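Residue numbers (the working numbering): 1 to 279. The beta-carbon is built from N, C-alpha and C at its ideal position, and this holds for glycine as well. Given the structure is predicted, the values throughout are model-derived calculations rather than measurements.
(1) Near residue 99, which residues of its chain fall below 7 Å by C-beta distance, leaving aside the five closest residues on each side in sequence?
(2) Skipping 5 residues on each side, what residues in its chain have a beta carbon closer than 7 Å to that of residue 272?
(3) What span of residues does the beta strand (DSSP E) with residue 69 cover, start to end?
(4) Would you kindly work out how many angstroms separate the C-alpha atoms of residue 254 and residue 260, rounded to a whole number?
(5) Helix or strand or just coil, what does DSSP make of residue 215?
(6) Just reading off the alpha helix (DSSP H) that residue 14 is part of, what are its end residues?
(7) Give me the Cα-Cα distance between residue 165 and residue 83, rounded to the nearest whole angstrom.
(8) Let me make sure I understand the geometry here. Which of 158, 152, 182, 186 has the alpha-carbon closest to that of residue 171?
(9) Label residue 222 either buried or exposed according to how many other C-beta atoms from any shown protein chain fall within 10 Å of its C-beta, with 16 as the threshold for buried.
(10) According to DSSP, simplified to helix, strand and coil, what is residue 49?
(11) Under the assumption that residue 329 contacts residue 55 (Cβ atoms under 8 Å), give the Cβ distance between them as a whole number of angstroms.
(12) Can you find the residues in the same chain that come closer than 8 Å, C-beta to C-beta, to residue 115, ignoring five residues on each side of it along the sequence?
(13) Kindly indicate the opening and closing residues of the alpha helix (DSSP H) around residue 5.
(14) Can you tell me where the alpha helix (DSSP H) holding residue 234 begins and where it ends?
(15) Hey, could you find the ends of the beta strand (DSSP E) residue 166 is sitting in?
(16) Going by the beta-carbon positions, is the gap between residue 61 and residue 72 smaller than 9 Å?
(17) In whole angstroms, what separates the C-alpha of residue 179 from that of residue 81?
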């Protein structure tokens with residue numbers, strides 16, 4: 001068994017040698033966190049043990065809640081905090097004696113090393129045929145888009161919209177399936193819709209705008225105000241989608257509007273106002 005870091009509800013294999021952790025894409029593990037320095041820390045997997053060392057970062061490295069001022073030996077189950085991210089170490093007792101070449105944890109290796117099934121929403125308890133699922137509190141499980149979405153956002157920033165779409169497409173499809181089953185928490189809906197809007201802006205494909213309206217029709221809820229703002233900024237740039245999907249959502253809102261307060265009625269009016277931009 002190799003040394004692994006548990007991060008965002010799935011395991012990352014760490015090869016022998018030095019493993020750089022920070023905020024830049026050059027790091028083997030790139031963390032999208034404003035409290036993480038560009039080159040924050042280095043994890044060393046050596047035949048004589050596993051060590052972590054702060055690289056002079058602004059916010060430091062913590063092991064089991066205590067700041068690691070010097071190169072620190074790690075043990076099985078130790079929790080390393082870098083910025084606001086917790087990384088849990090496992091497999092320390094099985095460190096191999098032969099070194100393996102380090103692999104960059106960049107946009108490509110992210111998708112190669114992580115099983116897509118681990119990135120999708122997991123709200124079901126472990127079963128006898130699937131005991132690898134973590135036993136953490138379901139309320140603390142992290143939606144896969146929290147990880148894959150950060151990678152896709154970087155691709156969009158680099159002008160690689162098609163690559164971002166490829167990264168997100170399956171996860172967004174699975175999100176829609178969960179919504180149709182009635183098993184999608186509200187915060188996951190907002191995250192998925194935000195990524196769909198960003199894809200619409202990057203690819204100019206109206207189908208991603210349709211995705212947002214269909215998702216919230218299934219939720220039978222008004223879009224959050226910030227998503228409406230995002231839509232107004234993006235719909236002018238995209239090719240026209242299916243207007244019937246938008247109108248079905250507007251009809252849905254009118255059916256449930258008797259329970260709206262003033263803020264929700266204002267959002268409803270703004271949503272209806274999108275029609276002139278979608279024509």
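Reading off the structure:
(1) In this prediction, residue 99 has a pLDDT of 43, which is less than 50 and means its spatial position is unreliable; what the coordinates show is noted afterwards. If we look at residue 99 and ignore the five residues flanking it on each side, its Cβ neighbours are 16, 17.
(2) Around residue 272: 250.
(3) It is not in any beta strand (DSSP E) - residue 69 carries neither H nor E in the DSSP assignment.
(4) So the two alpha carbons sit approximately 10 Å from each other.
(5) Residue 215 sits in a helix when the DSSP states are folded into three classes.
(6) Neither: residue 14 is in no alpha helix (DSSP H) and is coded neither H nor E.
(7) Across the structure, residue 165 and residue 83 are spaced so that their CA atoms are roughly 29 Å apart.
(8) Nearest C-alpha to residue 171: 152.
(9) So residue 222 ends up on the buried side.
(10) Residue state, collapsed to three classes: strand.
(11) The chain is shown from 1 up to 279; residue 329 falls before or after that span and cannot be answered.
(12) With a pLDDT of 42 at residue 115, under the threshold of 50, the modelled position of that residue is not reliable, and no figure is offered here.
(13) Unbroken run through residue 5 is the beta strand (DSSP E), 4 to 7; no alpha helix (DSSP H).
(14) Element bounds for residue 234: 225 to 234.
(15) Element bounds for residue 166: not the beta strand (DSSP E) but the alpha helix (DSSP H), 161 to 181.
(16) Taking C-beta atoms as the reference points, residue 61 and residue 72 count as a pair closer than 9 Å.
(17) Answer to the nearest angstrom: the Cα atoms are 34 Å apart.
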